[in-house]
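Chemist: Got a structure for you, written out below as structure tokens; questions coming shortly.
In our numbering, the protein residues as written are 474 to 621.
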């Protein structure tokens, strides 16, 4: 009787079946669980760091002012100026905009997934908007210092 190769390390060892269909050896199963726990820990650390970087007033959700788009400075501008982290010209337009807060709230409502934030909007880079979203979704007890 032959033992099939592990899906993780490709060595011929006894395998365990997982819900997602993977069949891996014990060593790969342990490594897989450690990676899963490490990913969960990274998400928690990201939320904790976001709480430190985001001011308390940004944690509160506000409704965008009606008709704010017509007063935005970026309305006649080229959309390419706001791709990625934005060009200096695009950031300068945004810095002088009277409706930046409404623009930010609209960007956060339109795409509530922190990992999918793109482009420069509301005077914030994508990673800054992701921090705001993480801070808004963090449980309230995280605002308190941890007991040691």
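Ideal Cβ positions, reconstructed from N, Cα and C, are used throughout, including at glycine.
Every value quoted in this text rests on a predicted model; they were computed, and no experiment measured them.
Per DSSP, which residues does residue 597 bridge with? Please list them.
Modeler: 594.
Chemist: Applying the criterion that 16 or more other CB atoms from any shown protein chain within 10 Å of the CB defines a buried residue, is residue 573 buried or exposed?
Modeler: Buried is the call here.
Chemist: Considering only the alpha carbon of each residue, which of 588, 586, 566, 610 lies closest to residue 594?
Modeler: The shortest C-alpha separation from residue 594 is found at 566.
Chemist: Look at the Cβ atom of residue 525, then the Cβ atom of residue 558, and state whether they are nearer than 7 Å.
Modeler: Cβ distance not < 7 Å, so residue 525 and residue 558 don't count as in contact.
Chemist: So, is residue 588 buried or exposed, given that buried needs 16 or more other C-beta atoms within 10 angstroms?
Modeler: So residue 588 ends up on the exposed side.
Chemist: Provide the residue span of the alpha helix (DSSP H) that contains residue 503, from first to last.
Modeler: Segment 499-526, the alpha helix (DSSP H) holding residue 503.
Chemist: Using the rule of at least 16 other Cβ atoms within 10 Å of the residue's Cβ for burial, across every protein chain shown, is residue 604 buried or exposed?
Modeler: Residue 604 should be labelled buried.
Chemist: Suppose you measure from the CA of residue 519 to the CA of residue 610; what does that come to, to the nearest Å?
Modeler: Each residue's Cα considered, the two are about 12 Å apart.
Chemist: Per DSSP, what are the beta-bridge partners of residue 496 in this structure?
Modeler: 490, per the DSSP bridge assignment.
Chemist: Just the Cα atoms here: how many angstroms apart are residue 575 and residue 545?
Modeler: The alpha-carbon atoms of residue 575 and residue 545 are separated by roughly 9 Å.
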